[in-house]
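Q: Have a look at this one.
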């Protein structure tokens, strides 16, 4: 069944890699619908001290009822329209497609990335270019977003995992292997 959703429809999901009991890995087709997977590190000592300070006088969760949105749906729509104006040359589209294709033929990967990964890499590269003040994408943008776009879309072979390889290792290898457009 398909349900019409209001535009823009955005989902932010969290996953705790430590506590797996009672949770299940999402199927690949569902993972593929997430633009990024961002791995968060533990907080620094200073950040953890700020967390403790917030709870110093109360053991209950902070009141979030007064939190105000920092961006509206209309703002997001405007940003998306802006991103449509960011240029990406044909050779960079080819570069993105070649990176994605290499995930499908790499010997250490059981499952490579789908065409949706290429679309996500293009969109993320355009967003990064805009955040960096440019109206065009450069190879560095593609290389920067590649890991976050691909890491949840590929599955390593059992042999690769036994060898201690990671998605990050393989994505770095692929990005270094594919010739960078000039």
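Residue numbers (our numbering): 921 to 1102. Cβ atoms here follow ideal geometry from the backbone N, Cα and C, with glycine treated the same way. Note that the structure is a prediction, hence the values are computed from the model and not measured.
#1: Could you tell me the alpha carbon to alpha carbon distance between residue 1056 and residue 972, rounded to whole angstroms?
#2: Taking the Cβ atom as the reference point for each residue, do residue 1016 and residue 1042 lie within a distance shorter than 8 Å?
#3: Going by beta-carbon coordinates alone, are residue 1045 and residue 1065 separated by less than 8 Å?
#4: Looking only at its chain, what residues have a beta carbon closer than 8 Å to the beta carbon of residue 1005, apart from the 5 residues adjacent to it on each side?
#5: In angstroms, rounded to a whole number, what distance separates the CA positions of residue 1036 and residue 986?
#6: Quick one, are the C-beta atoms of residue 1028 and residue 1085 less than 8 Å apart?
#7: Can you name the start and end residues of the alpha helix (DSSP H) that residue 1015 belongs to?
#8: Which one of 1053, 1073 and 1049 has the shortest CA to CA distance from residue 1063?
#9: Taking 8 Å as the threshold (beta carbon to beta carbon), is residue 1052 in contact with chain D?
#10: Which ranges would you report for the alpha helix (DSSP H) in the segment 948-976 if only whole runs of at least 4 residues count?
#11: Closest to residue 1101 by CA distance: which of 1091, 1025, 1018 and 1026 is it?
#12: From the DSSP output, read off the bridge partner residues of residue 1007.
#13: CA-CA distance, residue 1093 and residue 1022?
#14: Quick one: give me the first and last residue of the beta strand (DSSP E) that residue 1031 is part of.
#15: To test your reading of the DSSP string, which unbroken alpha helix (DSSP H) runs of 4 or more residues are found completely within the segment 978-1005?
A: So, from the listed chains and residues:
#1: Taking the straight line from one Cα to the other gives about 43 Å.
#2: Cβ distance < 8 Å, so residue 1016 and residue 1042 count as in contact.
#3: Yes; because the gap between Cβ atoms is below 8 Å, this pair is in contact.
#4: Beyond the five residues adjoining it in sequence on each side, residue 1005 comes within less than 8 Å, by CB distance, of 1055 in the same chain, given in chain order.
#5: When rounded, the distance between both Cα atoms is 37 Å.
#6: Cβ distance < 8 Å, so residue 1028 and residue 1085 count as in contact.
#7: Where residue 1015 is concerned, the enclosing alpha helix (DSSP H) stretches over 1010-1025.
#8: When each option's Cα is compared against that of residue 1063, the closest is 1049.
#9: Given the protein chain composition of this structure (a single chain), no chain D is represented.
#10: The segment 948-976 is shown to contain whole alpha helix (DSSP H) runs of 4 or more residues at 948-951 and 965-974, in chain order.
#11: Of the candidates 1091, 1025, 1018 and 1026, 1018 places its Cα closest to the Cα of residue 1101.
#12: 1056, per the DSSP bridge assignment.
#13: It is roughly 10 Å from the alpha-carbon of residue 1093 to the alpha-carbon of residue 1022.
#14: 1029-1031 is the span of the beta strand (DSSP E), which, as asked, contains residue 1031.
#15: Inside the segment 978-1005, DSSP marks whole alpha helix (DSSP H) runs of 4 or more residues at positions 993-1004, from first to last along the chain.
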